[in-house]
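Here the UniProt record's numbering is used: the first residue of the sequence shown is 1, the next is one more, and so on. Idealized CB from N, CA, C, for every residue including glycine. On a predicted model such as this, the values are computed, not experimentally measured, just so you know.
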Amino acid sequence: MRGRALAVTWLVAGWLVTGLLVGCERDPAGEPRAGFAGLGTDAGGFTPVAPEAALRFPEDHGPHPGTRLEWWYLTANLRDAEGAPLGIQWTLFRRALRPPTAPAAGAWAADQLWMAHVAVSRGADHRVAERFARGAGQGGADEARQAGVIADPFRAWLDDWRLESRVEAGTGDALDRLEVSAEAGRGEAAFGYRLTLDAQGPLVLHGKPAFGEAAAGAGGPIYLSQPFYRVTGTVTLGGERLSVSGRAWLDREWGNQLMAPWHHGWDWFSLHLAGGRKLMVYRLRGEAATDTTLFGSWIAADGETRALDGEALSLTPLATRSVAGRELPLRWRLTLPEQGLDLEVSARHPNRWMSTSVPYWEGAVTVRDRDDGAARGEGYLEMTGY
1 MRGRALAVTW
11 LVAGWLVTGL
21 LVGCERDPAG
31 EPRAGFAGLG
41 TDAGGFTPVA
51 PEAALRFPED
61 HGPHPGTRLE
71 WWYLTANLRD
81 AEGAPLGIQW
91 TLFRRALRPP
101 TAPAAGAWAA
111 DQLWMAHVAV
121 SRGADHRVAE
131 RFARGAGQGG
141 ADEARQAGVI
151 ADPFRAWLDD
161 WRLESRVEAG
171 TGDALDRLEV
181 SAEAGRGEAA
191 FGYRLTLDAQ
201 GPLVLHGKPA
211 FGEAAAGAGG
221 PIYLSQPFYR
231 VTGTVTLGGE
241 RLSVSGRAWL
251 DREWGNQLMA
261 PWHHGWDWFS
271 LHLAGGRKLM
281 VYRLRGEAAT
291 DTTLFGSWIA
301 ADGETRALDG
311 EALSLTPLAT
321 RSVAGRELPL
331 RWRLTLPEQG
341 LDLEVSARHP
351 NRWMSTSVPY
361 WEGAVTVRDR
371 DDGAARGEGY
381 LEMTGY
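Following this line, the structure appears as structure tokens:
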């Protein structure tokens with residue numbers, strides 16, 4: 001019976017991964033033709049994303065099941081009681097398996113795939129776990145659903161991996177105060193965390209280029225963040241339970257075509273800088289320099305945000321390392337002339353490869369001044385499509 005159960009588990013996992021990667025065609029060299037995980041393919045039939053001015057909360061903290069993809073994505077730069085750095089990630093992805101107008105393929109058909117990732121990192125130690133669920137985008141008894149998101153009161157979960165609001169209804173934004181928890185592994189291999197997050201600033205709405213149908217006026221994608229969290233709690237790793245504190249950044253994005261067909265992947269930075277300032281930088285990569293899209297957001301300590309384009313910032317890889325059989329840029333030069341910043345951004349450790357069904361690199365980085373080497377901040381870097 002155990003062997004049969006294992007076989008069924010692997011069969012279901014195969015179905016789920018196939019659903020996640022649908023549309024990701026490859027050329028003869030094995031490279032995606034339409035962007036990382038198919039996110040550059042045509043998205044006809046999905047619900048157009050509302051213009052940014054139409055955002056409503058708490059409703060838009062919840063799922064948008066008619067769109068093709070969205071995520072709730074948390075990273076945190078932490079330190080233990082002795083000052084040693086740690087990093088954590090908690091992510092819930094929702095992927096629509098077919099447009100809302102497409103007929104179901106049978107009684108066993110599901111219209112949504114949920115995928116969750118958790119990670120804890122310290123030094124060379126990098127622990128990663130992944131879970132899947134299938135089902136509807138919304139509806140049904142909440143307690144009966146393996147995974148989902150509720151806007152009010154805000155709750156996102158897959159099994160017992162949870163991100164939940166601590167805000168009483170009507171007393172503030174649902175994302176102002178959160179608790180996140182996850183556990184994975186057993187014995188000495190167990191890892192996880194239970195953290196409380198308190199926002200010290202407002203939600204931030206980023207401008208992001210639109211592609212495909214959206215570029216013709218349908219709108220989207222929508223990308224917003226809560227980059228102002230202060231964090232306290234505990235992390236379990238290597239048989240230890242550690243008291244930690246630090247800063248966190250939550251990203252929310254939803255839409256239908258999140259990159260152009262000629263983009264192969266992205267390099268994304270979320271940085272906490274001196275004086276409470278924040279910086280988001282997004283580079284969508286193509287084969288040629290002219291196929292690359294660079295943009296970002298400069299966020300003042302009070303939350304005032306200014307959109308950045310390739311004229312306002314530059315991003316240049318400085319050094320690569322071989323990680324999981326791939327050459328990855330782990331040291332970068334980042335300049336913002338108007339802010340008088342010439343920065344070097346470096347990975348704390350190369351071993352941050354997410355060996356998940358759709359693999360990528362995700363890890364903490366340090367930020368230093370290129371002239372004098374002085375510390376200027378810290379943050380997270382994500383690299384996909386390598």
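Near residue i, which residues of its chain fall below 6 Å by C-beta distance, leaving aside the five closest residues on each side in sequence?
{"i": "aspartate 251", "result": "Tyr73, Ser225"}
{"i": "glutamate 183", "result": "Gly192"}
{"i": "alanine 81", "result": "Ser243"}
{"i": "proline 329", "result": "Pro317, Thr320"}
{"i": "glutamate 287", "result": "none"}
{"i": "arginine 127", "result": "Val120, Phe191"}
{"i": "leucine 284", "result": "Met259, His263, Trp266, Thr293"}
{"i": "alanine 347", "result": "Leu330, Gly363, Val365"}
{"i": "aspartate 176", "result": "Val167, Ala199"}
{"i": "residue 393", "result": "The question about residue 393 has no answer here: the residues shown for the chain are numbered 1 through 386."}
{"i": "leucine 78", "result": "Leu86, Val244, Gly246"}
How many angstroms separate the CA atom of residue i from the CA atom of residue j?
{"i": "alanine 312", "j": "leucine 334", "result": "11 Å"}
{"i": "threonine 290", "j": "tryptophan 266", "result": "15 Å"}
{"i": "methionine 280", "j": "alanine 76", "result": "15 Å"}
{"i": "alanine 50", "j": "methionine 383", "result": "28 Å"}
{"i": "proline 99", "j": "glycine 220", "result": "17 Å"}
{"i": "methionine 354", "j": "serine 322", "result": "14 Å"}
{"i": "aspartate 302", "j": "arginine 370", "result": "26 Å"}
{"i": "glutamate 59", "j": "proline 48", "result": "17 Å"}
{"i": "valine 167", "j": "leucine 197", "result": "11 Å"}
{"i": "alanine 169", "j": "aspartate 152", "result": "7 Å"}
{"i": "arginine 145", "j": "arginine 95", "result": "16 Å"}
{"i": "threonine 305", "j": "glutamate 188", "result": "44 Å"}
{"i": "glycine 246", "j": "leucine 343", "result": "22 Å"}
{"i": "valine 345", "j": "glycine 207", "result": "23 Å"}
{"i": "tryptophan 298", "j": "tryptophan 268", "result": "14 Å"}
{"i": "phenylalanine 191", "j": "glycine 239", "result": "8 Å"}
{"i": "asparagine 256", "j": "threonine 234", "result": "37 Å"}
{"i": "proline 350", "j": "arginine 331", "result": "10 Å"}
{"i": "glycine 373", "j": "glycine 135", "result": "50 Å"}
{"i": "leucine 178", "j": "alanine 248", "result": "11 Å"}
{"i": "alanine 110", "j": "leucine 97", "result": "7 Å"}
{"i": "glycine 123", "j": "phenylalanine 46", "result": "43 Å"}
{"i": "alanine 375", "j": "leucine 163", "result": "31 Å"}
{"i": "glycine 44", "j": "tyrosine 223", "result": "20 Å"}
{"i": "glycine 203", "j": "proline 227", "result": "Note that residue 203 corresponds to leucine in the displayed sequence, not to glycine. The straight-line gap from Cα to Cα measures roughly 7 Å."}
{"i": "valine 358", "j": "glutamate 130", "result": "10 Å"}
{"i": "residue 417", "j": "tyrosine 229", "result": "The structure shown has nothing for residue 417, since the chain only spans 1 to 386."}
{"i": "leucine 237", "j": "glutamine 89", "result": "14 Å"}
Does the Cβ of residue i have 16 or more other Cβ atoms within 10 Å, making it buried, or fewer, making it exposed?
{"i": "glycine 172", "result": "exposed"}
{"i": "alanine 34", "result": "A caution first: alanine 34 carries a pLDDT of 48, below 50, which makes its placement in the model unreliable, though a value can still be read off. Burial call: buried."}
{"i": "alanine 364", "result": "buried"}
{"i": "threonine 67", "result": "buried"}
{"i": "threonine 232", "result": "exposed"}
{"i": "threonine 316", "result": "exposed"}
{"i": "proline 337", "result": "exposed"}
{"i": "glutamate 362", "result": "buried"}
{"i": "glycine 379", "result": "buried"}
{"i": "glycine 83", "result": "exposed"}
{"i": "arginine 26", "result": "Residue confidence is low: arginine 26 scores 40 on pLDDT, short of 50, so the model does not pin down where it sits. Its coordinate-derived value is still stated next. Exposed: under 16 other Cβ atoms inside 10 Å."}
{"i": "aspartate 309", "result": "exposed"}
{"i": "aspartate 125", "result": "exposed"}
{"i": "glycine 296", "result": "buried"}
{"i": "glycine 137", "result": "Confidence at glycine 137 is low in this model, with a pLDDT of 47, below 50, so the placement of that residue should be treated as unreliable; the coordinate-derived value is given next. Looking at its Cβ environment, which holds 16 or more other Cβ atoms inside 10 Å, glycine 137 is buried."}
{"i": "leucine 55", "result": "exposed"}
{"i": "glycine 340", "result": "exposed"}
{"i": "leucine 199", "result": "Residue identity differs from the one stated: residue 199 is alanine in this sequence, not leucine. The residue in question, alanine 199, is buried, as its Cβ has 16 or more Cβ neighbours within 10 Å."}
{"i": "alanine 307", "result": "exposed"}
{"i": "threonine 91", "result": "buried"}
{"i": "leucine 87", "result": "Just to set this straight, residue 87 is glycine in the shown sequence, not leucine. Counting Cβ neighbours within 10 Å, glycine 87 comes out buried, since at least 16 surround it."}
By Cβ distance, which residues of its chain are closer than 7 Å to residue i, with the 5 residues on each side in sequence left out?
{"i": "glycine 377", "result": "Leu271, His272, Leu273, Ala274, Val367"}
{"i": "glycine 276", "result": "Ala301"}
{"i": "alanine 133", "result": "Trp114, Gln146, Ala147, Leu158"}
{"i": "alanine 102", "result": "Gly45"}
{"i": "serine 314", "result": "Thr335"}
{"i": "arginine 352", "result": "Ser121, His126, Trp361, Glu362, Gly363"}
Considering only heavy atoms of the ligand PLP, does any lie closer than 7 Å to the CB of residue i?
{"i": "aspartate 80", "result": "Looking for the ligand PLP in the displayed structure turns up nothing, as the structure carries no ligands at all."}
Leaving aside the five residues before and after residue i along the sequence, list all residues of the same chain whose C-beta is less than 8 Å from its C-beta, in chain order.
{"i": "alanine 174", "result": "Phe57, Pro58, His61, Ala151, Asp152, Pro153, Phe154, Ser165, Val167"}
{"i": "glutamate 327", "result": "Thr320, Arg321, Tyr386"}
{"i": "glutamate 70", "result": "Pro63, His64, Phe93, Arg94, Arg252, Glu253, Trp254, Gly255"}
Residue i CB to nearest chain B CB: under 8 Å?
{"i": "alanine 190", "result": "Among the chains of the structure shown, chain B does not appear; only one protein chain is present."}
Original post:
Do the stretch 154–172 and the stretch 113–122 make contact, defined as three or more Cβ pairs closer than 8 Å?
Top reply: yes
**OP:** Tell me the start and end of each unbroken beta strand (DSSP E) in the stretch 141–175 that is at least 3 residues and wholly inside, in chain order.
**Re:** 147–151, 154–158, 161–165
**OP:** Starting from the N-terminal side, write out each stretch of the beta strand (DSSP E) that is 3 residues or longer and does not extend beyond the stretch 317–380.
**Re:** 326–336, 341–347, 360–369
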